[in-house]
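Numbering (my numbering), first residue to last: 660 to 891.
Beta carbons: idealized from backbone N, C-alpha and C, even for Gly.
In what follows, a structure is listed as C-alpha cells, so that the remarks can point back to it.
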C-alpha cells in the first residue's frame, strides 16, 4: 500500500471505529497501521492512562491511587479519560479506538459518551484468531534481562539462543507469557467480551476480521471492512 491514502481510504477515514479482540490478535499493530493510512488518530487506552498519569491530571491522580494498590481502575475514571481524548479536535472526523470498551457496561457508556459529543460509532472490527496461534504468538516472546528488548523465538529470534543480540544479556519468559496463563487470559476475555459482541451485533456494527495471516493481509481485510461499512 502507498503511504498516501487513495480516495476510497480517505472516504473511510471519516469514521469512528472500535477494535476488539483477544490478547495477541494484533489490535495495536492494526490500529496503528490503519490510523496512519487513513490519517486519523489511533486512540489507545494504554496511552491515555500513561499520559494522564505522567501529566498528573486530576483523572491521572485518581487512577494512580488504584494502580498503586493493584486494583482495577473504576469504569467512571476510564470512561472520563476516553471522553476527554475523543473530545479533542483531531478525533472529530474519525478515530480508531483500541483497548476500550472491554465489557458490556463500558460499551454502553461509550455509546452515551459519543452521543454527548454528537458522534456515532460506525463500525466495530472484531479480530478473530485461532487459540493455538495466539498461544504460539504470546508464549514465544522473550525479554532481555538487561535492556528489556523483546524478541520472539519464531518471528524475531536472536542469533544466539537465549542471549540478546543488542546487549548480550540472557533472555527470560514473563509469567504472563506462559501457555497456561495465556489460556486463562483467553477464557477471561471470552467471558467479558461475549456480551460485548452480542451488543454490537444487535446494533449492526460488528464486522468480523480474520486475523490469521501476515500483517499486510489483515490490514487489507480490515480496510475492506471499513469501506463496506461506509457504503452500507
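Practice task
Have a look at 851, 790, 687, 887 and flag the residue whose alpha-carbon is nearest the alpha-carbon of residue 764.
Solution key: 851
Exercise for the section: Would you give the residue range spanned by the alpha helix (DSSP H) that residue 843 belongs to? Expected result: 838–861
Problem - residue 805 versus residue 782 - alpha carbon distance - result: 42 angstroms
Practice task
Per DSSP, which residues does residue 786 bridge with? Please list them.
Solution key: 868
Practice task
Please look up how many angstroms separate the CB atoms of residue 755 and residue 676, rounded, as I've assumed it's under 8 angstroms.
Solution key: 5 angstroms
Practice task
Assign residue 719 to one of three DSSP states: helix, strand, or coil.
Solution key: helix
Handout entry: Alpha carbon of residue 800 to alpha carbon of residue 816, nearest angstrom
Key = 9 angstroms
Exercise for the section: Check whether the Cβ atoms of residue 693 and residue 878 lie closer than 8 angstroms to each other. Expected result: yes
Exercise for the section: Inspect the CB distances between the region 848–862 and the region 813–829 and report whether three or more fall short of 8 angstroms. Expected result: no
Practice task
Quick one: using the 10 Å Cβ neighbour count with 16 as the cut-off for buried, is residue 779 buried or exposed?
Solution key: exposed
Handout entry: Coil, strand or helix - residue 800 by DSSP
Key = strand
Practice task
Would you grab the beta carbon distance between residue 703 and residue 687 for me? Rounded to a whole angstrom, and I think it's under 8 angstroms.
Solution key: 7 angstroms
Practice task
Could you tell me which of 674, 794, 743, 887 sits nearest to residue 838, measuring between CA atoms?
Solution key: 794
Problem - Cβ neighbour criterion (16 or more within 10 Å) applied to residue 881 - result: buried
Practice task
Go ahead and pull the three-state DSSP assignment for residue 780.
Solution key: coil
Exercise for the section: Please report how far the alpha carbon of residue 861 lies from the alpha carbon of residue 746, in whole angstroms. Expected result: 26 angstroms
Handout entry: Length of the line joining the Cα atoms of residue 888 and residue 820
Key = 46 angstroms
Problem - Where the alpha helix (DSSP H) through residue 890 begins and ends - result: 874–890
Practice task
Measure from the alpha carbon of residue 874 to the alpha carbon of each residue in 683, 678, 689, 859, then state which is nearest.
Solution key: 689
Problem - Endpoints, the beta strand (DSSP E) within which residue 812 is located - result: Segment: none, residue 812 is in no beta strand (DSSP E) and carries neither H nor E.
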